[in-house]
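Structure, as structure tokens:
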Amino acid sequence: MPTGTLQIKAISGHSGSVPGRGVQREEEVCKYIDVTTCIGCKACEVACVEWNDMPFQQTTFDNTYQTMPSTAWNYWNLIKFNEHQRDDGTLMWLMRKDQCMHCEDPGCLRACPADGAIVQYTNGIVDFQQESCIGCQYCVSGCPFDIPKFNSTTKKVYKCTLCSDRVGQGLEPACIKSCPTGCLRFGTKTDMRALADARARQLREHSGFPNAGVYDPPSVNGTHVIYVLHDITKPEMYGGLPANPQIPVTYTVWKRVAKPIGLLMALLAAPVAFFHYVMEGPKESQPQPPGQDVPR
Amino acid sequence: MTSVERFDAGARQRVGVRGRTFVRDDELLRHPVYTRVLHWSVAIFFLLALLSGFAIYTPWLFRLVTPLFGGGPMTRLLHPWFSLGFVACFGLQFLNWLEPMTWTADDRRWMKHLKNYVTNVDRLEPDYVDFFNAGQKLYFWAIALSALVFLLSGIPMWFPRTFGRTAVGIGYVLHDLAALVMLGGFIVHLYEGTAAQPGTFRSMTRGAVERRWAWTHHPAWYRRMTGRDPRADHDRAAESVRRSEPGRR
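The listed protein sequences derive, respectively, from chains X and D.
Counting along the first sequence from 1, when you hit position 236 you're at 238 in my numbering, and nothing is skipped either side.
Counting along the second sequence from 1, when you hit position 154 you're at 159 in my numbering, and nothing is skipped either side.
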């Protein structure tokens, strides 16, 4: 956010207080999704496609209300419809808005080898910069939520931006603006987390969902998109939301530690070869011109 | 004769008639045309794949190396194709060299004396060293193994959606290990083929080596090619060198 990043901290030779301080009390933003009040109207899907000016895409029908099987490079926001049978035999129809979770510790960013292709803003938004993307798709494997999608024509990867272009101008994301039930909200991380906790408590104490809770997975240091779920113990039933999202260890330990050390060890062969020549000399074809080995 | 051997023999012959190697009277034919063409085809694809791969390997090298291939996206696009070129050419070279690269009891003996070889204690190689010594064979098999690991781990990395996160995660590590083995081995290979042993590089360019070189580094091969005793020929040459420079004594 321009106002956030350009907030003055100190002024030289200035006697009074710094103007504008305290206008923004928190930089980190968050999208709140109350799965329990989503009616599956898909207004957010339409708003996303419209705001981001996505080209039309044909869908496949696979006996569900779901627009398509999964998000696509040009379809970043998808309501996942799932039928769940409870222990008492009654049915629950679950609708979960699936999009980028904007992890505090993003697996995509850790995996990416291209300079500047993925950035994380101080407000928590994780954004792909397609002009720097090399199309290697490491982010696809690095993401625990299966969000980045490859376009084989442009050879670039795309995903939800949390409408960073709108948020930067002080607007809420397009999906939030379109939601008719209020199950989508947008604000600071602290506010949204408090709202979600209150709603989960309400569900537990008054609505007969003893396992209701907030999905804000600590394994990726929390996310900037949080869910209120009827049953926090079984996130998988909401269309494959992972209970414990993990970044592959190969993208953390391996990339940060083993790779540079391994490279230096392999490159060590060069100075070893050079000093071998300096110290031992070449192995000449025999016989050489007469002479003798001199120690030292 | 298996069909693979027939294919390899046919390729040797077909390519062999197209080029020529001039062998002076004091030289022996070391690598015929087919072998040289294969070696340098492998080398070119190897370097291209190595450079484009290390560009993506670590952020330190990304800005430095990607411009060589026309930027990051082009580097990524070309890398798997360079690699397929390498695998294809190396496959032919593998068939071409399978027989002289076979590991034998003599190679185990040679490895025990590796320290003497590295420190240049022995001026002449042991008389059982044939066309390739055990070090060369070791490099060949290291490359063959890592090429296989490269291929098997690279395909999931090329098509991550088909093979899934786990395959890519494991492939990522194996691919790096193969790259490091190849890089280290390649540096040693480059040194051994040039500065470490004068007279070696021409075997892969002109195709012929001096007889002196042959009885020094590959005496058993010299014996097979000429029917002469490498040690006796060396001693005779050494004697004539001594006699031609009497003033030094």
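Glycine included, C-beta positions come from ideal geometry on N, C-alpha and C.
- Between Ala201(D) and Lys158(X) a beta carbon distance of about 46 Å is seen, past the 8 Å cut, so the two are scored as non-contacting.
- In this structure, the CA atom of Pro146(X) is about 25 Å from the CA atom of Phe67(D).
- Within its own chain, the residues whose Cβ lies closer than 8 Å to the Cβ of Gly159(D), once the five positions on either side in sequence are excluded, are Pro85, Ser88, Gly176, His180, listed in chain order.
- Boundaries of the beta strand (DSSP E) harbouring Arg187(X): 186-190, taken from the DSSP string.
- Taking a C-beta distance under 7 Å as the contact criterion, Phe95(D) and Leu83(D) do not qualify as a contact pair.
- At a cut-off of 7 Å between C-beta atoms, Lys236(X) does not count as an interface residue with respect to chain D.
- Judged by their CB atoms, Ala149(D) and Phe99(D) are nearer to each other than the 7 Å cut-off.
- Rounded to whole angstroms, the gap between the alpha carbons of Lys99(X) and Lys179(X) is 14 Å.
- Under DSSP, His86(X) shares a beta bridge with Met94(X).
- The Cβ of Thr254(X) sits no closer than 7 Å to any Cβ of chain D.
- Where Cys32(X) is concerned, the enclosing beta strand (DSSP E) starts and stops at 31-36.
- Per the DSSP secondary-structure output, Tyr196(D) pairs with nothing in a beta bridge.
- The DSSP-derived three-state label of Tyr140(X) is helix.
- Residues of chain D whose Cβ lies closer than 8 Å to the Cβ of Tyr279(X) are, in chain order, Tyr196, Ala200, Ala201.
- Nearest CB-CB separation between Gly174(D) and chain X: below the 7 Å threshold.
- By the criterion of at least three beta-carbon pairs nearer than 8 Å, the region 66-77 of chain X is not in contact with the region 226-234 of chain X.
- For the region 265-276 of chain X, the residues whose beta carbon sits under 9 Å from a beta carbon of chain D are, in order, Leu265, Met267, Ala268, Leu269, Leu270, Ala271, Ala272, Val274, Ala275, Phe276.
- With respect to chain X, the C-beta atom of Ala242(D) has a partner C-beta closer than 7 Å.
- For Leu43(D), the closest alpha carbon among the candidates Leu97(D), Phe12(D), Leu53(D) is that of Leu97(D).
- In the DSSP assignment, Cys102(X) forms no beta bridge with any residue.
- Looking at the backbone, the Cα of Tyr133(D) and that of Leu53(D) are separated by about 37 Å.
- The criterion of a C-beta distance shorter than 7 Å is not satisfied by Lys82(X) and Gly189(X).
- Nearest C-alpha to Glu197(D) among Ser154(X), Glu52(X), Glu282(X), Asn153(X): Glu282(X).
- Under the Cβ distance rule, Leu129(D) counts among the residues neighbouring chain X, one pair being separated by less than 7 Å.
- Cβ-Cβ distances below 7 Å link Lys142(D) to Met106, Trp108, Asp112 in the same chain, with the five nearest sequence neighbours on each side left out; the list follows chain order.
- The DSSP-derived three-state label of Leu129(D) is coil.
- Note that the C-beta distance between Gly58(D) and Ala184(D) is below 7 Å.
- Rounded to the nearest angstrom, the gap between the Cα atoms of Ala147(D) and Ala272(X) is 18 Å.
- Taking a beta-carbon distance threshold of 7 Å, Asn121(D) does not count as an interface residue toward chain X.
- Closest by C-alpha distance to Leu80(X), out of Ile35(X), Thr225(X), Ser154(X), Arg203(X), is Ile35(X).
- Fully contained in the region 44-76 of chain X is no beta strand (DSSP E) run of length 3 or more.
- Neighbours of Asn125(D) across chain X, judged by C-beta separation under 7 Å: Glu282, Gly283, Lys285.
- Under the DSSP definition of a beta bridge, Leu33(D) partners with Val214(D).
- Burial state of Ala139(D) is buried, judged by a 10 Å Cβ sphere holding 16 or more other Cβ atoms.
- Close CB contacts of Lys44(X) within its chain, under the 7 Å cut and outside five residues either way in sequence, are with Thr69, Ile81 (chain order).
- Just so you know, the alpha carbons of Asp31(D) and Leu270(X) end up roughly 38 Å apart.
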